[in-house]
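Asks:
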Amino acid sequence: MQKVEYYVGVARQDGARVLIGGERATGAGLERGWFYLPTVVTAVAPGMRVEQQEIFGPVLAVIKVASLDEAIRVNNDVPYGLSSSLYTRDVNAAFRAMGELDTGITYVNAPTIGAEAHLPFGGVKQTGNGHREGGWEVYDFYSETKVVYVDFSGRLQRAQIDTEA
Amino acid sequence: MTETFKNFIGGQWVAPATGAYFENRNPADRDDIIGCFPRSGPDDVARAVASAQRGFAHWSKTPAPVRGEVLHRVGDLLVERKDTIARAMTREMGKVLAETRGDVQEGIDTAHYAHTEGRRLFGRTVPSELRNKWAMSFRRPIGVAGLITPFNFPLAIPTWKMFPALLCGNAVIFKPAEDVPHTAHLLVELLLEAGLPPEVVQLVHGEGSVVGRAMVEHPDVPVISFTGSTETGSIIGATCGRMHKRLSLEMGGKNAMIVMDDADLDLALEGVCGGRSVPPGSAAPRRAAWSCTSGCTTGCCRCCAIAPAGCGSGPAWTSAPMSDRSSTKAPCKRSSTTWASPARTARAC
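These protein sequence lines are chains A and V, in that order. Residues in the first sequence are numbered consecutively from 1, following my numbering. Residues in the second sequence are numbered consecutively from 166, following my numbering.
#1: What in chain A is Cβ-close to E271 of chain V, meaning under 7 Å?
#2: Looking at chain A, which residues of the stretch 395-422 of chain V have a Cβ within less than 8 Å of any of its Cβ atoms?
#3: Below 8 Å CB to CB, which residues in the same chain sit around G123 of chain A once its five sequence neighbours on both sides are set aside?
#4: Output, in sequence order along the chain, the residues in the stretch 88-99 of chain A whose CB is closer than 8 Å to any CB in chain V.
#5: Rounded to whole angstroms, what's the CA-CA distance from K171 of chain V to V179 of chain V? Just pull it up for me.
#6: List, in chain order, every chain A residue whose beta-carbon is nearer than 8 Å to that of T275 of chain V.
#7: From A511 of chain V to I199 of chain V, what does the alpha carbon distance come to, in whole angstroms?
#8: Against chain A, with Cβ distances strictly below 9 Å, would W299 of chain V count as a contact?
#9: In or out: K419 of chain V buried (at least 16 other Cβ within 10 Å) or exposed?
#10: By how many angstroms is the C-alpha of V8 of chain A removed from the C-alpha of S491 of chain V?
#11: Quick check on F328 of chain V: does DSSP put it in helix, strand or coil?
#12: Starting from P192 of chain V, find everything on chain B with Cβ-Cβ shorter than 8 Å and list it in chain order.
#13: Does the CB of H383 of chain V have a neighbour CB from chain A at under 9 Å?
#14: State buried or exposed for E13 of chain A, treating a residue as buried only when at least 16 other CB atoms are found within 10 Å of its CB.
#15: List, from N- to C-terminal side, the beta strand (DSSP E) runs of 3 residues or more that fit wholly inside the stretch 370-398 of chain V.
#16: Are there 16 or more other CB atoms within 10 angstroms of the CB of S436 of chain V, so buried, or fewer, so exposed?
#17: Which residue spans inside the stretch 282-349 of chain V form an unbroken beta strand (DSSP E) run of at least 3?
#18: Sort out for me which residues DSSP pairs K125 of chain A with in a bridge.
#19: Can you tell me the Cα-Cα spacing of E5 of chain A and G22 of chain A, whole angstroms?
#20: So who's on the other strand from L60 of chain A, going by DSSP bridges?
#21: Is the separation between the beta-carbon of P120 of chain A and that of E137 of chain A shorter than 9 Å?
#22: Once DSSP output is grouped into helix, strand and coil, what is the label at Y278 of chain V?
#23: Ends of the alpha helix (DSSP H) at K3 of chain A?
#24: Quick check: the Cα distance between S442 of chain V and A222 of chain V, rounded to an integer number of angstroms?
#25: Spell out whether any CB of chain V is found under 9 Å from the CB atom of V18 of chain A.
Laid out in C-alpha cells, this is it:
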C-alpha cells in the first residue's frame, strides 16, 4: 500500500496528472482492509518513474504516442520485458509488433494476462534469465540431458579424430 | 483460538526449530487472523534438504509415467477443491474470487499437462558417424529443487514450478511468500493425499532473507526457481552463479498495452479493466502502462470510474484489497489472550 502511495506521489512530483483515484478507498466495510482506488495517471512522459518502474498496484499510466514505431520504442525502453499487448485491426501492424516488441509474450487484441499452461511463460531483459516456466521448455529446466554412445562393433572405433589412419 | 500451522519436513507436519511464528491476516479485514505460520530458520532448511535427498533417492527411480499418474490425481483433487482453495486464497491475499478460481484452474491445467508429459519426456536418437554404434540422449532428474514463490499467484506459480520438477523426478522444497502460507499448506496437503511420497515434498515457511537464503546457499540444493523482485533475483543469481546452480528467475514486469487508432476501443477498454476483474495487489501480469496512438484518454476514465471498490470475497466486485507488503509480518504471540477475537469467517463485505 505504501509503495502505491509512494509511486502516485512520485508521478505527481514528476509532472504527471492524477486524473482519477490517487488515494485510499474509504467507505463502509473498507476501513479494516488495505483498499486503494483505481488510479489513472495522464500526461505521463516516457522515462518518468511511474512509466519505468513496477508499481504492483491499481495504477494505470497513460502515454500518448503518435505512431506504432513510437509505441514500440516506448515499450522497449523499459528495463523489463514480460508481456505486451497490441489492440489493432491492422494485420501489418500486428505482425510488426509481434516481431519487434521486446517481451517474452505479446498478445494481440487481448490484455496482457491469460497465459496457458502448455506454452512457455517468461520475459526478457530484467524480467528473467533466459528460462521459461510452463510449456515444454520447463521440462528441460528440471532435467539434465544425458548422452549415451553404445559401440557394438566389437573393436576400438575412434570418433572425431582421423578415422582414415 | 488462532490455528497454528506447521512445516512439512521429513514426511511429517512439524513445528519449526526456531519456535517462532508469524501472523497471517486477511488484507480486506485486518481483524481476521487466518493463522500463525512458522518463522523457520536454517536448521529447518537443513532438515528439509536431508529429507528431500531421501525422497529423491526413490522418486527419481519411479518411472516417469507413474510419477505422471500422481500428478493426474493432484489435478483431479484440485478440480474437486477449486472453490475451497479459491476462498482460502481470497481470504489471505485479497484477489476477487473470479481471479482466485482462475489461479486454481491454472494449477489444474498444469497438473494435467504434467501428467501427459510423464509419457513423453522425450530424448533423442540420432545416427552415429561410425558403423555399429548407437547414439542417443535421455533426460535424468537433477536432485533437490528449491522453489521460492510470490504472493500474487499463490497456487498457480507454485504449481508451475513444482509439478514439472516432480514429473522430472526431482524432490522439492517449497518456500511460499509470507503473505500466502495457507494456500501453500492446502496445496501440500493435497499432494500428499494424491499419493506423492512424503519425503518428495517439503514445505518450509518463513522469510525469504532467512529460509530462502538458506536454501539458495545450501550445497545440496542444485536447482533454484524464484519468482519475485529483480533486486532479490540478482542476489540469488550471484550466489547460484558462484555455486554453479541451475537457476530460473521470473522477476519484474511493466506490461504495456498499445491501442492503435483503428482498434476496437470497447474491446481494448474491457482488456485494460481486466475483462473479468482487477487484482490490484497482483501486478506482474497486469496492465502497467497504456500507450495510445490518440484520443483514448476519455474512454479509459469511463472504464475505471465504473469499477467499484470492494473487498476480495464479494464475487460481483471488481476491485480487491492490496496485499499487506508494507512491513515484516507481526510475530505471533503464543498466549491466546492476546488475540482480540478468534479468526472469523465473515469478510468485510
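Built from N, CA and C at the ideal position, the CB exists for glycine as well.
Replies: In brief:
#1: A117
#2: T395, G398, G402, R411, L412, S413, L414, E415, M416, G417, G418, K419, N420, A421, M422
#3: Y80, G81, L82, S83, T103, G104, I105
#4: Cβ contacts with chain V come from T88, R89, D90, A93, A97.
#5: 5 Å
#6: A117, G134
#7: Residue placement at A511 of chain V is flagged as unreliable, the pLDDT there being 27, under the threshold of 50; a coordinate-derived value is accordingly withheld.
#8: yes
#9: buried
#10: Summary for S491 of chain V: the model assigns pLDDT 47, below 50, so the residue's position carries little reliability, and this model does not support an answer.
#11: In the structure shown, F328 of chain V sits in a helix (DSSP, three-state: H, G or I).
#12: The structure shown has no chain B; the protein chains it does contain are A and V.
#13: no
#14: The sequence shown places Gln at residue 13 of chain A, not Glu. The residue in question, Q13 of chain A, is exposed, as its Cβ has fewer than 16 Cβ neighbours within 10 Å.
#15: 388-392
#16: As written in the sequence, residue 436 of chain V is Gly, which differs from the Ser given in the question. Classification for G436 of chain V: buried.
#17: 289-292, 298-306, 309-313, 336-340
#18: A:Y80
#19: 8 Å
#20: A:V40
#21: yes
#22: helix
#23: 2-13
#24: Confidence at S442 of chain V is low in this model, with a pLDDT of 38, below 50, so the placement of that residue is unreliable and no value is reported for it.
#25: no
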